[in-house]
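First residue of the sequence shown: 1, per UniProt numbering; consecutive thereafter.
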Amino acid sequence: MSLIHADSQAAVKSELDLFLTPPTQTAIEKGQWLEYHPIANIRDGNPIEFSISGSGEDYIDLSATQLYVKVKILKDNAKLGETDKVAPVNLLLHSLFSQVDVSLNDRLISASSNLYPFRSYIESLLNYGSDYKKSFLTSEGFHKDTPGSLDVTDPAGDNEGLKKRASLIEKSKVLDLIGNLHCDIFYQDRLLLNLVDLKVKLIRSKPEFCLIAPATANFSVIIEHASLFVRKVKVSPGVLLGHAKALQTTPAKYPIDRVLSKMYSISKGSFSFSQDNVFLGQMPKRLIITCVDNDAFNGTYNSNPFHFKHNNLNFLGVYVDGNPISSKPLEPDYSNGQSIRAFNSLLVGSGKLASNKGIYINRDEFIQGYTLYAFDLTPDLCDGSHLNLVNQGNLRIELKFASALEKTISVLVYAEFQNMIEITNSRNVLCDFSI
1 MSLIHADSQA
11 AVKSELDLFL
21 TPPTQTAIEK
31 GQWLEYHPIA
41 NIRDGNPIEF
51 SISGSGEDYI
61 DLSATQLYVK
71 VKILKDNAKL
81 GETDKVAPVN
91 LLLHSLFSQV
101 DVSLNDRLIS
111 ASSNLYPFRS
121 YIESLLNYGS
131 DYKKSFLTSE
141 GFHKDTPGSL
151 DVTDPAGDNE
161 GLKKRASLIE
171 KSKVLDLIGN
181 LHCDIFYQDR
191 LLLNLVDLKV
201 KLIRSKPEFC
211 LIAPATANFS
221 VIIEHASLFV
231 RKVKVSPGVL
241 LGHAKALQTT
251 PAKYPIDRVL
261 SKMYSISKGS
271 FSFSQDNVFL
281 GQMPKRLIIT
291 CVDNDAFNGT
301 YNSNPFHFKH
311 NNLNFLGVYV
321 DGNPISSKPL
331 EPDYSNGQSI
341 RAFNSLLVGS
351 GKLASNKGIY
361 INRDEFIQGY
371 TLYAFDLTPD
381 LCDGSHLNLV
391 NQGNLRIELK
401 FASALEKTIS
411 VLVYAEFQNM
421 IEITNSRNVL
431 CDFSI
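Below, the structure is given as structure tokens:
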């Protein structure tokens, strides 16, 4: 036998490493889950606030933070009857809240926006495959809506996801939900230093947004219990000493994927839409664009806020400083069933190109309520752990429609930016972005 190439080095397979002892983890000595309760009454619809003290020597595993709630649905302040037709919208755990604010040592590090439910739903759709959605995400209230039936309001209709969610709250049964919050700092795996206080504030959505029912209904969503499970870990004295010494010369660094979401309205009867200065300055690494009816966006019982329609769009262009990010804009022809480039943009833009990962949306479902367009603006199309050079510019989007819009719609723009949060030796929190 001979080598394929003379420069190839000899190798030994790991199965033959019979005398190698695995390394031992000694940096983290102990870890435990702690349950924190709101600092004020939650039954009156006020914001739900949690305060986690950073005193002591324990670090916080931010990526393991989970929100736990118990909810029930009432009609006219009474229990639901046999004939009441009502169901939660998808991903109820996150649809309950229109905005989530996160602070470190009283420094706000999250964007203040009432688009939190849409961020959570988009990330859940695009970050996970069918196995995860059919198992873990059900604990957050996710049950996939049947494509083509997302506007069905009767739980006995053709929407199997709606039917399942209705069964969870029938007769005002208490529904318990748990899951990770969709906030930037919770999506990085570095431990939070001790002596840094963490605060989380959740602002409620109105019932018309998070429930699907007949238009004339009068329902209320009661949160009976809310708590935050936080994992604190005890690190070894050597690590504590090493971090304290390093902090004297440089701050601790927390790279994050910062998410900004924006909404623009397009009036009924319009054929086109163009928006300059969607983002001015640092350009995002990823952009996702979708459309939803304006009344559903604002919240009405008889509409689904997560019904992402194509609206016969026949042109979508994204430009940075006047230059298109692709040599050819998306030009789907939905009336003739030609939308494969648009569907492919969702796969490529969400980082699924040539990977054995899916998003639980096929090309037929894409045009039946799951129409999202994704764009990867990184130079290497790589969603890795490295940082990219900061690109400054002016981002513009342009949409055209084959026919006049039948209703006023909202255009949702979801963008991810690479940023850094730093914590100094005196525990001052610094950000390279403005809120």
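Note that beta-carbon positions come from the ideal geometry of N, C-alpha and C, so glycine has one too.
task = Determine the extent of the beta strand (DSSP E) in which A244 is found, giving its start and end residues.
result = Counting along the chain, A244 falls outside any beta strand (DSSP E), though it belongs to the alpha helix (DSSP H) covering 237-247.
task = Tell me, please, which residues DSSP counts as bridged to R258.
result = F417
request  = May I ask you to report which of helix, strand or coil DSSP gives S274?
outcome  = strand
request  = Run the CB neighbour count on M283, radius 10 Å, all protein chains shown included, and call it buried at 16 or more, exposed below.
outcome  = buried
inquiry  = Using the Cβ count rule (16 or more neighbours within 10 Å means buried), how would you classify I397?
reply    = buried
request  = Could you tell me whether the Cβ atoms of Q248 and N425 are closer together than 8 Å?
outcome  = yes
query = Would you call the CB atoms of N314 and F209 closer than 8 Å?
reply = no
message = Comparing C-alpha positions only, which one of V174, L211, L96 sits nearest to L162?
response = L211
Collapsed DSSP secondary structure at G161 in the structure displayed = helix
Sequence-distant residues of the same chain with beta carbon closer than 7 Å to F279, five excluded per side = L395, A415
message = Spatial neighbours of K201 within its chain, please: C-beta separation below 6 Å, excluding the five flanking residues on both sides.
response = P47, E49, D101
Proximity winner among V390, I52, K206, H310, relative to P379 (alpha-carbon distances) = V390
ask   = Counting along the chain, where does the beta strand (DSSP E) carrying D376 start and finish?
value = 372-376
inquiry  = Do L192 and I60 count as a contact pair if the criterion is CB distance below 8 Å?
reply    = yes
query = Three or more beta-carbon pairs under 8 Å between the region 220-232 and the region 299-316, yes or no?
reply = no
query = For S51, which residues from the same chain have a beta carbon less than 6 Å from its beta carbon, with the 5 sequence-adjacent residues on both sides left out?
reply = I39, K199
ask   = Out of curiosity, what's the CA-to-CA distance linking Q9 and V413?
value = 50 Å
message = Tell me the residue span of the alpha helix (DSSP H) that contains C183.
response = No alpha helix (DSSP H) holds C183; DSSP gives it neither H nor E.
At least three beta-carbon pairs within less than 8 Å, the region 109-126 to the region 362-377 = yes
ask   = If you compare alpha carbons, which of Q418, F366, L353, H182 is closest to L137?
value = H182
task = Check the C-beta distance from N90 over to F142 and give it rounded, since I have them as a contact under 8 Å.
result = 6 Å
ask   = With respect to the alpha helix (DSSP H) encompassing K133, which residues constitute its N-terminal and C-terminal limits?
value = 130-134
inquiry  = Applying the 10 Å Cβ sphere with the 16-neighbour rule, what's the burial state of N4?
reply    = Reading off the sequence shown, one finds Ile at residue 4, where the question assumed Asn. It counts as exposed.
message = Is the beta carbon of L228 closer than 8 Å to that of residue 478?
response = Any question about residue 478 goes unanswered here, given that the chain covers just 1 to 435.
inquiry  = By the DSSP assignment, the beta strand (DSSP E) with Y334 in it spans what residues?
reply    = It is not in any beta strand (DSSP E) - Y334 carries neither H nor E in the DSSP assignment.
task = Starting from residue 458, follow its DSSP beta bridges and name the residues at the other end.
result = Coverage of the chain is limited to positions 1 through 435, which leaves residue 458 absent and any answer about it impossible.
inquiry  = If distances are taken between C-alpha atoms only, which option among F186, A213, K134 comes closest to T65?
reply    = F186
Cβ neighbours of L93 in the same chain (closer than 6 Å, five flanking residues each side left out) = E140, G141, L177, G179
message = Which of the three DSSP states is assigned to L202 in this structure?
response = strand
task = Compute the Euclidean distance between the alpha carbons of S268 and T300, then round it to the nearest angstrom.
result = What sits at residue 268 in the sequence shown is Lys, not Ser. Roughly 18 Å between the two C-alpha positions.
request  = Decide if F19 is buried, meaning its Cβ has at least 16 other Cβ atoms within 10 Å, or exposed.
outcome  = exposed
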